[in-house]
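Student: Under this note's numbering, read the sequence shown as residues 2 to 426, first letter to last.
Don't be surprised by glycine CBs; every beta carbon is placed ideally from N, CA and C.
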Amino acid sequence: MKKFSALLLGLLLAGGVTAQQYQGQPPIRAVVDTSSKPTDRQAKGVFPFNEDGVYFSNDFDGARVNGIERTGPNAYTITITPENAPINMSPWYAFQVWSRAPGEVQVKLVYPEAARHRYTPQVSTDGLQWTPLDADRIAADAPAQVAEGNSSATARPKSVTLRLPTGPQPLWIAGQELHTSKRVYGWLDDTARKHHLPVAEIGKSTGGRPLKLLTVGNPAAKKAIVVISRQHPPEVTGYFAMQSFVETLAADTALAKRFRKDWTVYVVPLMNPDGVDGGFWRHNVGGIDLNRDWADFNQPETRAVRDFLQQRADAGTKFYFGIDFHSTWDDIYYTLDPKFVGNMPGLVPQWLDRIQHEIPNYKPVVQASDRLEPTTVSRNYFLKQHGMEAIVFEIGDNTPRDKIRQKGQVGATELMKLILAKSSR
Numbered sequence: 002m003k004k005f006s007a008l009l010l011g012l013l014l015a016g017g018v019t020a021q022q023y024q025g026q027p028p029i030r031a032v033v034d035t036s037s038k039p040t041d042r043q044a045k046g047v048f049p050f051n052e053d054g055v056y057f058s059n060d061f062d063g064a065r066v067n068g069i070e071r072t073g074p075n076a077y078t079i080t081i082t083p084e085n086a087p088i089n090m091s092p093w094y095a096f097q098v099w100s101r102a103p104g105e106v107q108v109k110l111v112y113p114e115a116a117r118h119r120y121t122p123q124v125s126t127d128g129l130q131w132t133p134l135d136a137d138r139i140a141a142d143a144p145a146q147v148a149e150g151n152s153s154a155t156a157r158p159k160s161v162t163l164r165l166p167t168g169p170q171p172l173w174i175a176g177q178e179l180h181t182s183k184r185v186y187g188w189l190d191d192t193a194r195k196h197h198l199p200v201a202e203i204g205k206s207t208g209g210r211p212l213k214l215l216t217v218g219n220p221a222a223k224k225a226i227v228v229i230s231r232q233h234p235p236e237v238t239g240y241f242a243m244q245s246f247v248e249t250l251a252a253d254t255a256l257a258k259r260f261r262k263d264w265t266v267y268v269v270p271l272m273n274p275d276g277v278d279g280g281f282w283r284h285n286v287g288g289i290d291l292n293r294d295w296a297d298f299n300q301p302e303t304r305a306v307r308d309f310l311q312q313r314a315d316a317g318t319k320f321y322f323g324i325d326f327h328s329t330w331d332d333i334y335y336t337l338d339p340k341f342v343g344n345m346p347g348l349v350p351q352w353l354d355r356i357q358h359e360i361p362n363y364k365p366v367v368q369a370s371d372r373l374e375p376t377t378v379s380r381n382y383f384l385k386q387h388g389m390e391a392i393v394f395e396i397g398d399n400t401p402r403d404k405i406r407q408k409g410q411v412g413a414t415e416l417m418k419l420i421l422a423k424s425s426r
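(1) Could you tell me which of Asp332, Ala76 and Lys224 sits nearest to Ala316, measuring between CA atoms?
(2) For Arg119 versus Ser160, is the C-beta spacing smaller than 8 Å?
(3) Using only alpha-carbon positions, find the residue among Asn381, Gln410 and Thr336 that is nearest to Gln351.
(4) With DSSP collapsed to three states, give me the class of Arg355.
(5) If we call anything under 8 Å between Cβ atoms a contact, is Glu114 one with His284?
(6) Which whole-angstrom value describes the C-beta separation of Gln311 and Ile360, a residue pair presumed to lie in contact below a C-beta threshold of 8 Å?
(7) Have a look at Phe322, Phe341 and Tyr186 and flag the residue whose alpha-carbon is nearest the alpha-carbon of Ala391.
(8) Could you give the residue range of the beta strand (DSSP E) that holds Glu202?
(9) By DSSP, does Leu271 sit in helix, in strand, or in coil?
(10) Output the distance between the C-alpha atoms of Ala79 and Pro199, rounded to the nearest integer angstrom.
(11) Should the segment 219-233 be regarded as contacting the segment 50-65, the criterion being three or more beta carbon pairs within less than 8 Å?
(12) DSSP three-state label for Ile360, please.
(13) Contact check, Phe246 vs Ala413 under 8 Å by CB: the rounded distance?
(14) What beta strand (DSSP E) runs, 3 residues minimum, are completely inside the segment 205-256?
(15) Run through DSSP, which three-state label would Ile139 get?
(16) Could you tell me which of Arg380, Pro365, Leu215 and Arg157 sits nearest to Arg117, measuring between CA atoms?
(17) Can you give the Cα-Cα distance for Lys258 and Ala252, rounded to whole angstroms?
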C-alpha cells in the first residue's frame, strides 16, 4: 500500500442549497477579518501504484489531491482538503491518472467531515478540451442521516466514486475545466493582439504572480466601466461568461465601435492567480476570501485594483458600472437595493430586464442587498467609492457552456445599448 496524506482540517463550512432550489446566500452580517492566515500546501508529485501499473499525478498548476490510498486492485481513495478553514463549500479537485496497459480504475473522492461533493467531474486527454464524465461512471454515496426533503448542501453526497478509463496517455479529471493563469493570460494576450488593445500589469499577487489589466475602448475617455473575475478559483463558469462579455465589447461590430468611441472598459480577468494555480477551494495564498477584503484591503490583489481605480478617478475618469463574475449552484444576480443610487440610476435593473427579454424562458433569481456593510464585497465598494451601478453576476456550476456564452454576449450587447441610450439623454 502506498499513501501520502495531509492533516484533515476541522471545517466550519458555509451552507448552500442545491441548484434546483437555490435562492442565493444570506446577507453577510458579520465583519470578516481579512488579515493573512496560513494556508496548507500540497505535496506535489507522481504517485505510482506498481501492483496495478497505475499512476496518479497532481504535479501541475490547478491540481488538488491531498491524499491517495490503494484500497484494492485498481481501486483508490483520494482525499480532498481545503487550503485552510473556515471556508466556503467549494471542494475543488484535479488530478491525472494513467496506466501501463488499457484498463479501468475506481477512484473514490472523499472530503473532510463537514464538506460535500459539489462539482461534476470534467475529463480531458490534453488539459485543453474538456467534456463531462459520463453520468453512468459516477456513483454518489448517500449523505448520512439527512432528513427527508432536506435541500441544503448537506444533502449532497459526502463522497463519490468514479469509474475512469485508463491507458498510457494521461487522463485529466477536474471539478471544472482547467483555466490556470497561463491559459487565462493566454486568452488575454490573444484578445489584446486581435483587437490591438493594451495590457498592463497593475500589481503582484501574494505569491508574486502578475495581476494583469486589459483596456477595451478609448483610453482617453473619461467614462468607464469595470469588469473583474476569478476572485474564487473554482468559479470557471463565471469566467466563461466574462470572456464572452469582454469579447462582445471588443468585437468589430457597429454597436461596439460606437460604444468604444467614448467609453473605456477596464478588465481584470484573474483576481486570484495564486489560488487558481494552487488548486484552492476559495481563498488566496494569504488564506483570505478576496471578496471580503474590499474595505480593509489587507491583500495585495484587492489593493492593486483599488489603487488603479483611484489613479484613474484622480485623473478625471468617472465610473458608471462595475461587474464581478462568479459561479454558484445556479444562475443568480446579486444586485443592490434601488435606494443606493450611483452615477447612472436604474441601470442594473433595466439591464437585467433586457437580458431576460432577449433570452427566451430565462428567469434567473435576482437578490438585492439592502446594506453595504458591515463586510464590503467588490460590488459594494464599486458603488461606495466610485458611484458605479454594480452587480455580482453568478453563473451556475452546470449551466450549459453554449448558454453561458449566450448570456455573456447578450449581457454585453444590451449593456452597451442601454448605456448609450441613457448617456445621450
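Tutor: Looking at the atomic coordinates:
(1) Looking at Asp332, Ala76 and Lys224, the one whose alpha-carbon comes closest to that of Ala316 is Lys224.
(2) Taking 8 Å as the Cβ cut-off, Arg119 and Ser160 do not qualify as a contacting pair.
(3) Thr336
(4) helix
(5) no
(6) Actually they are not in contact, since the Cβ atoms of Gln311 and Ile360 sit about 36 Å apart, beyond 8 Å.
(7) Phe322
(8) Val200 to Lys205
(9) coil
(10) The sequence shown places Ile at residue 79, rather than the Ala named in the question. Cα atoms of Ile79 and Pro199: separation of roughly 43 Å, rounded to the nearest angstrom.
(11) no
(12) coil
(13) 5 Å
(14) 211-218 and 224-230
(15) Strand.
(16) Taking each of Arg380, Pro365, Leu215 and Arg157 in turn and checking the Cα distance to Arg117, the smallest one comes out for Arg157.
(17) 8 Å
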